[in-house]
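Heads up, the sequence shown is in this note's numbering, so the first residue is 112 and it goes up one at a time. For each residue, glycine too, the CB sits at the ideal point set by N, CA and C. Written out below as structure tokens is the structure these notes cover.
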Amino acid sequence: MSSNPTAIQAHGVYKRFKTGRTHIEVLKRVDFDASHGEVTMVMGPSGSGKSTLVAALSGLLKPDEGKVRALDQDVWGLRSGRLDRFRLDHCGFIFQGFNLFSALTALQQVEIILKYQGHSKKVAREKAANALMEVGLETKLNQRPSELSGGEKQRVAIARALAKDPRLLFADEPTSALDGENGQIVIKLIQRAAKQYGAAVICVTHDPRLEAYADRVIHLEDGRILDDRRVDHTPADPGPHANADADHRQPALIGA
Ligand SMILES: Nc1ncnc2c1ncn2[C@@H]1O[C@H](COP(=O)(O)OP(=O)(O)OP(=O)(O)O)[C@@H](O)[C@H]1O
Ligand SMILES: [Mg+2]
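If you want it as structure tokens, here you go:
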């Protein structure tokens, strides 16, 4: 169990989709929880229901059955306007395809969300510029997506998600379109949202290299959680037994 406060708790989440005359069950009564200050990674084969789970947890896709409590609210009990507001105020989203507006500059991409949230133009601009600085894009504020690299686009998307200081951060394959180096920059920024700002981070990934940044790894297969384990990072202090530690420090990661 985590000693950090629980941010999300879901029970019996069930979702099926109609395909032709039949239904496929995509989430088969999943129980899930995630805590503040932690990176919870969701892994599993393609089609196992990871994106559907994240959508159900984050108020994007209503499950057929089950309950999701997030930040002490019954997410699917909220009326749609309240749910939109909940997402706007508390949830950051980072997706594989960046989801940037092609006509807007980096600064405007971030600013627009803050204006929606009700910040004045001046405050929105300041906060947006700060967020972009935090991800190392201070020299690219006025560039549009077509003038940015993949890694830079993903960093704009992260700045946009983090500028509002979300309590919940949902990332779905945030590094899959990036090379190793840019992937690492991105996952470190995502981890910082948990460690520095106390967000509950739920990150879907196929990339086993990202496990090193997880506090917990959940394996989903065929709509069910098969495995749920904590990653122990405690012996980070290289002492006289550093080499011995390195061998058994993260046994759960090997062969995952
Ligand atoms: N709107 C939909 N209508 C019908 N079937 C859907 C719909 N959305 C998802 N599915 C199906 O549900 C299953 C799970 O999809 P989901 O996107 O959650 O998988 P995933 O684990 O995220 O996979 P990937 O790793 O490829 O992104 C898949 O078989 C998919 O085809
Ligand atoms: Mg997916």
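Relative to the C-alpha of residue i, which residue among the options is closest?
i: Ile-301; options: Ala-270, His-330 and His-317; result: Ala-270
i: Gln-219; options: Phe-281, Gly-192, Gly-188 and Lys-251; result: Lys-251
i: Asn-210; options: Asp-290, Pro-285, His-317 and Leu-199; result: Pro-285
i: Arg-196; options: Ser-162, Leu-172, Arg-303 and Tyr-227; result: Tyr-227
i: Asp-283; options: Gln-207, Ser-159, Gly-158 and Leu-172; result: Gln-207
i: Val-153; options: His-344, Asp-343 and Asp-339; result: Asp-339
i: Glu-258; options: Ser-159, Phe-212 and Gln-295; result: Phe-212
i: Ser-159; options: Asp-343, Ala-288 and His-317; result: His-317
i: Ile-329; options: Val-221, Gly-229, Lys-161 and Asn-115; result: Lys-161
i: Ala-242; options: Thr-163, Val-221, Lys-232 and Ser-231; result: Val-221
i: Gly-229; options: Val-246, Asp-200 and Met-244; result: Asp-200
i: Thr-163; options: Asp-343, Ile-313 and Met-244; result: Ile-313
Is residue i near ligand 1, in the sense that its beta carbon is under 8 Å from a heavy atom of that ligand?
i: Val-137; result: yes
i: Pro-156; result: yes
i: Gly-160; result: yes
i: Lys-238; result: no
i: Asp-283; result: yes
i: Thr-286; result: no
i: Ala-151; result: Reading off the sequence shown, one finds Thr at residue 151, where the question assumed Ala. No, the beta carbon of Thr-151 sits no closer than 8 Å to any heavy atom of ligand 1.
i: Lys-232; result: no
i: Thr-130; result: yes
i: Thr-103; result: Residue 103 lies beyond the residue range present for the chain, which begins at 112 and ends at 367; the question has no answer from this structure.
i: Leu-168; result: no
i: Leu-279; result: no
i: Leu-189; result: no
i: Leu-331; result: yes
Counting only the same chain and skipping the five closest in sequence on each side, list residues whose C-beta sits under 8 Å from that of residue i.
i: Lys-129; result: none
i: Ala-214; result: Arg-255
i: Lys-306; result: Gly-148
i: Leu-248; result: Ala-217, Glu-263, Arg-266, Val-267 and Ala-270
i: Gly-123; result: Arg-140, Val-141, Asp-142, Glu-176, Gly-177 and Lys-178
i: Lys-299; result: Tyr-324
i: Ser-113; result: Ser-146, Glu-149, Asp-326, Arg-327 and Arg-341
i: Pro-174; result: Val-124, Tyr-125, Lys-126, Leu-138, Ala-167 and Trp-187
i: Pro-308; result: Position check: residue 308 holds Tyr in this sequence, whereas Pro was assumed. Counting only Cβ-Cβ distances below 8 Å, and skipping sequence neighbours, we find Leu-273 and Asp-276.
i: Glu-237; result: none
i: Asn-253; result: Thr-216, Ala-217 and Leu-218
i: Leu-225; result: Val-234, Ala-235, Lys-238, Ala-239, Ala-274 and Lys-275
i: Leu-189; result: Gly-170 and Phe-197
Please confirm whether residue i has its beta-carbon closer than 9 Å to some beta-carbon of chain C.
i: Ser-191; result: The displayed structure is made up of one protein chain only, and chain C is not part of it.
CB of residue i to nearest heavy atom of ligand 2: below 8 Å?
i: Lys-435; result: The first residue shown for the chain is 112 and the last is 367, placing residue 435 beyond what the model contains.
i: Val-141; result: no
i: Val-315; result: yes
Output needed for residue i: all residues of its chain with C-beta closer than 6 Å, excluding positions within five of it in sequence on either side, in chain order.
i: Asn-293; result: Gly-262
i: Leu-364; result: Since pLDDT at Leu-364 reaches only 35, below the 50 mark, its modelled position is unreliable, and the value read off the structure follows with that caveat. If we look at Leu-364 and ignore the five residues flanking it on each side, its Cβ neighbours are Glu-322.
i: Leu-194; result: Gly-170
i: Cys-202; result: Ser-169, Pro-277 and Leu-279
i: Ala-355; result: With a pLDDT of 45 at Ala-355, under the threshold of 50, the predicted position of this residue should be treated as unreliable, and no value is reported.
i: Ser-287; result: Gln-207
Apart from the five residues just before and just after residue i, which ones in its own chain have a Cβ nearer than 7 Å to its Cβ?
i: Pro-156; result: Glu-332
i: Ala-118; result: Ala-145, Ser-146, His-147, Ala-181, Leu-182, Arg-278, Leu-279 and Ala-311
i: Gln-120; result: Asp-144 and Arg-180
i: Ala-272; result: Gly-203, Phe-204, Ile-205 and Leu-280
i: Gln-184; result: Phe-197
(request) For the stretch 326-341 and the stretch 132-149, state whether three or more C-beta atom pairs, one from each stretch, are separated by less than 8 Å. (result) yes
(request) With a floor of 3 residues, list each beta strand (DSSP E) that falls wholly inside the stretch 241-296, ordered by position along the chain. (result) Counting only runs of 3 or more, we get 279-283.
(message) Restricting to runs no shorter than 3 residues, where is the beta strand (DSSP E) found entirely within the stretch 153-226?
(response) If we require 3 residues or more, the beta strand (DSSP E) runs fully inside the stretch 153-226 come out as 176-181 and 202-206.
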